[in-house]
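Beneath this line is the structure, given in structure tokens, with notes to follow.
Number of protein chains: 2
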Amino acid sequence: MKLKEFAKHLDLSPTTVSRALSGYPEVRESTRKRVADAAIRLGYRPNINAVRLVTGRVGAIGILMGRGREVHFAEFLSGMGERLGGEDIDILVTPIAEHDAREEIQLYSRLVESRRVDAIIVNGPRPDDERIRLLHKLGMPFLVHGRSETDVPYAWLDIDNEGAIKRATAHLIDLGHKRIAMINGRPGVTFSMHRDKGYRDALVERGLPFDPRLVAHGNFTDEVGFRYARSLLEQSPRPTAFVAGSTMTALGVYRAARSLDLVVGKDISVIAHDDVFPYLNADNMAPSLSTTRSSMRAAGTRAAELVLQLLSGKPPMEIHELWPVELILRESTGPAL
Amino acid sequence: MKLKEFAKHLDLSPTTVSRALSGYPEVRESTRKRVADAAIRLGYRPNINAVRLVTGRVGAIGILMGRGREVHFAEFLSGMGERLGGEDIDILVTPIAEHDAREEIQLYSRLVESRRVDAIIVNGPRPDDERIRLLHKLGMPFLVHGRSETDVPYAWLDIDNEGAIKRATAHLIDLGHKRIAMINGRPGVTFSMHRDKGYRDALVERGLPFDPRLVAHGNFTDEVGFRYARSLLEQSPRPTAFVAGSTMTALGVYRAARSLDLVVGKDISVIAHDDVFPYLNADNMAPSLSTTRSSMRAAGTRAAELVLQLLSGKPPMEIHELWPVELILRESTGPAL
DNA sequence: CGAATAAATTAAAACGTTTTCAATTTTTTC
DNA sequence: GAAAAAATTGAAAACGTTTTAATTTATTCG
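So the sequences go chain by chain: A and B.
In terms of my numbering, the first sequence has 425 at position 126, counting the first letter as 1, and numbering is strictly consecutive.
In terms of my numbering, the second sequence has 634 at position 335, counting the first letter as 1, and numbering is strictly consecutive.
Okay, here's the thing in structure tokens:
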């Protein structure tokens with residue numbers, strides 16, 4: 300059913316019907332009601348492509364899904380959905396093979412230039428990020444999940460990675476740990492660097508030396524956690540505490556400890572950052588895992604909200620949000636032996 | 300830059316330019332080249348909304364993301380991306396709060412009626428699935444990931460859950476296990492039922508009784524695995540083997556065993572279905588986990604391919620694909636004590 | 001009551017392509 | 001070298017809305 304026939308049914312002009320449905324003020328209340336009812340009864344829906352052509356709006360937010368962080372991505376997406384539920388705005392996901400930075404830039408260009416989306420969410424930003432420069436240059440509204448030092452104005456939402464890890468590390472030091480290992484995220488990404496800094500600052504502030512051999516970088520997988528923890532624990536003297544990038548990594552650290560007959564919470568302490576995944580609960584781990592916690596899902600919800608603000612004209616520079624991170628102590632941390 | 304100006308630049312009609320760019324045969328090769336070059340040089344791209352309006356095609360595949368299976372979903376999506384890379388087809392993700400079946404149907408209707416997508420992928424089908432009936436009725440091309448008994452023709456791609464679990468269970472029986480527990484997926488979903496059947500058939504075929512108290516259903520989480528395994532292991536006599544729905548569930552089973560000082564691979568055996576997640580490797584678990592394996596990512600890639608076939612006119616009834624599942628034995632399975 | 005104003009409605013012009021049908025140009029054939 | 005056939009190009013009509021500008025209808029006020 301098209302607008303024209305639908306309007307004829309109602310004995311109204313397409314104009315009025317269109318306005319009634321999109322809630323413009325200049326249509327009489329009784330008319331609006333009549334139109335709305337009929338639309339439901341007759342199942343009329345505007346052709347979305349026609350609407351998009353004429354309004355120039357697409358009704359979609361774009362987001363690239365890189366490989367290696369699918370879990371985080373899914374949670375974030377799910378959070379976005381929570382906010383976007385009633386909004387008639389879609390989420391356009393472009394999967395991408397992370398390795399190729401050039402391909403990535405091309406995909407962004409395509410997304411922008413073919414006008415497939417109204418706004419873009421950038422995740423995993425780097426200190427100097429070409430994507431941010433590109434989007435700024437092309438005038439596409441975008442929100443960065445995380446932060447960058449790229450010298451253009453941009454909207455962002457981030458958690459206080461530096462503060463969180465600093466606090467976690469300081470806590471371990473206060474427990475008497477002297478050799479504290481850090482299994483961080485991918486190198487080169489801002490949030491990893493923030494975490495590195497937090498770690499380092501805590502050491503320096505309390506007069507401990509910084510030993511680069513105690514710091515590792517990699518994806519947030521069980522495997523990476525295991526491999527690094529294992530090799531670190533075989534050193535002598537071995538670290539007595541670990542700061543891990545994710546609960547997944549912590550899983551690997553636990554496994555490495557077990558494989559060497561070390562008891563977590565006693566022989567070694569572990570704190571990990573927890574993005575709060577419904578299927579892997581820090582409370583449920585054995586022993587329960589001390590964490591710095593910030594919900595990825597909540598970030599997604601908020602990010603969607605901020606993008607909507609961006610789209611309704613709020614200047615990017617006014618959208619800067621830094622979330623504090625909780626430190627939750629459970630059984631995996633204890634005094635150094 | 301619009302088609303009109305762009306055409307004027309080239310001293311050609313919009314018609315010819317349009318044809319040249321979309322690769323129609325009736326344009327001279329030299330002209331096509333000239334147009335293509337100029338398009339790149341001047342940065343001309345057709346306005347996608349105009350194209351969509353006139354062609355009636357959207358260039359997007361829709362998929363709903365339910366809660367509780369985000370991990371699987373993300374892998375599947377990532378696989379789709381692999382196939383859709385060069386295709387200029389987007390993936391439209393609509394997150395949804397799983398609980399509400401009515402909401403779900405509404406979202407499908409919206410997706411179809413507002414013509415937001417050219418095809419839809421349905422996941423987590425149930426034996427009698429209203430979504431499938433709806434999509435069929437509305438004439439929207441769709442592919443089911445999994446199977447259903449809904450009485451309409453539809454295209455599907457599924458793995459042989461029944462055969463896989465039957466083989467796994469039979470293997471455990473052959474090892475001498477008599478009380479084998481099964482921690483399956485959500486109840487009411489076809490694949491869970493197929494797995495139940497495989498489990499049951501294996502028992503019956505080898506003359507073991509079926510005890511419903513040994514079967515549990517729930518989401519694929521560490522927590523569900525732990526809770527059920529723990530409570531099952533506290534029964535007497537306790538099960539000596541577990542068939543688990545996912546590696547995540549197996550993690551919970553491992554934990555439950557450890558909490559009761561039971562050794563996996565010795566005191567109890569565990570086989571789980573492995574959808575192959577990059578961040579949780581069955582080989583890396585301790586002990587390494589025996590699995591029935593089928594890559595979710597590969598399924599996504601293939602699903603994308605099948606949808607493309609559907610869109611190019613292949614009849615749904617000719618698209619039925621059942622994948623065999625490997626059984627990989629590792630350290631978590633051993634003879635019954 | 002009639003003019004002035006406000007509210008509600010409509011006709012027609014976008015929006016930027018693709019595609020049908022017709023016209024033109026080029027190539028082939030005899 | 002003209003007629004016929006084939007190849008290439010172009011004009012104009014869709015596609016289904018929203019929005020601008022104009023018109024009609026209702027209300028207010030002196």
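Heads up, the beta-carbon is just placed ideally off N, CA and C, and yes, glycines get one too.
Could you pull out every residue in the same chain whose Cβ sits closer than 8 angstroms to the Cβ of residue i, ignoring the five residues on either side in sequence?
i	result
A/H308	A337, L341
B/L502	T468, I472, I479, P508, F509
A/L579	T546, M547, L550
B/I330	Looking at the sequence itself, residue 330 of chain B is Thr, so the reference to Ile does not match. Result list for B/T330: L311, T315, A319, in chain order.
How would you write the range of the alpha helix (DSSP H) that residue i sits in, first residue to last?
i	result
A/R340	328-341
A/I431	429-437
A/R554	546-558
B/L636	Where B/L636 is concerned, there is no enclosing alpha helix (DSSP H), given that its DSSP letter is neither H nor E.
A/E304	302-309
A/L320	313-320
Do residue i and residue j have their CB atoms nearer than 8 angstroms?
i	j	result
A/G475	A/P634	yes
A/S447	A/R414	no
A/V334	A/G423	no
B/T600	B/M300	no
A/L376	A/L605	no
A/R499	B/E412	no
A/Y407	A/R430	yes
A/G551	A/G524	yes
A/R351	B/N460	no
A/R318	A/E328	no
B/A373	A/V370	yes
B/A571	B/S545	yes
B/A598	B/L456	yes
B/A603	B/R382	yes
B/L636	B/D521	no
B/I404	B/W622	no
Enumerate in chain order the residues of its own chain whose CB-to-CB distance from residue i is below 7 angstroms, with the five nearest sequence positions on each side excluded.
i	result
A/V353	none
B/P452	P615, M616
A/I388	G358, A359, I360
B/R592	D573, V575, V624, E625, I627
B/S587	A581, R629, E630, S631
B/R356	D417
B/V316	L302, F305, A306, L309, V334
A/L610	D417, A418, P440
Ordered along the chain, which non-local residues of its own chain (more than five positions away) have a Cβ less than 6 angstroms from that of residue i?
i	result
A/E504	none
A/F305	Y343
A/P486	H516
A/S594	V575
A/Y527	I482, A515
A/F541	A480, V552, V569
Which first and last residues belong to the beta strand (DSSP E) in which residue i is found?
i	result
B/A454	454-458
A/L442	441-444
Answer yes or no: the CB of residue i versus the heavy atoms of the ligand COA, is any distance below 7 angstroms?
i	result
B/A581	Questions concerning the ligand COA fall outside what the structure shown contains, since it holds no ligand whatsoever.
- Query: On the three-pair Cβ rule with 8 angstroms, is the region 390-404 of chain B touching the region 356-373 of chain B?
  - Reply: yes
For a minimum of 3 consecutive residues, which ranges assigned as the beta strand (DSSP E) are wholly contained in the region 334-418 of chain A?
359-365, 389-395
Assess, as a yes-or-no matter, whether the region 555-565 of chain B is touched by the region 618-632 of chain A under the definition of 3 or more beta carbon pairs within less than 8 angstroms. no
(request) Examine the Cβ distances between the region 477-495 of chain B and the region 534-554 of chain B and report whether three or more of them are shorter than 8 angstroms. (result) yes
If you scan the region 490-544 of chain B from start to end, which runs of the beta strand (DSSP E) of 3 or more residues do you find wholly inside it? 514-516, 540-543
Note to self: At 4 residues or longer, what runs of the alpha helix (DSSP H) sit wholly inside the region 554-632 of chain B?
What the structure shows: 595-610
Using 8 angstroms as the Cβ pair cut-off and three pairs as the minimum, do the region 510-519 of chain B and the region 453-466 of chain B touch? no
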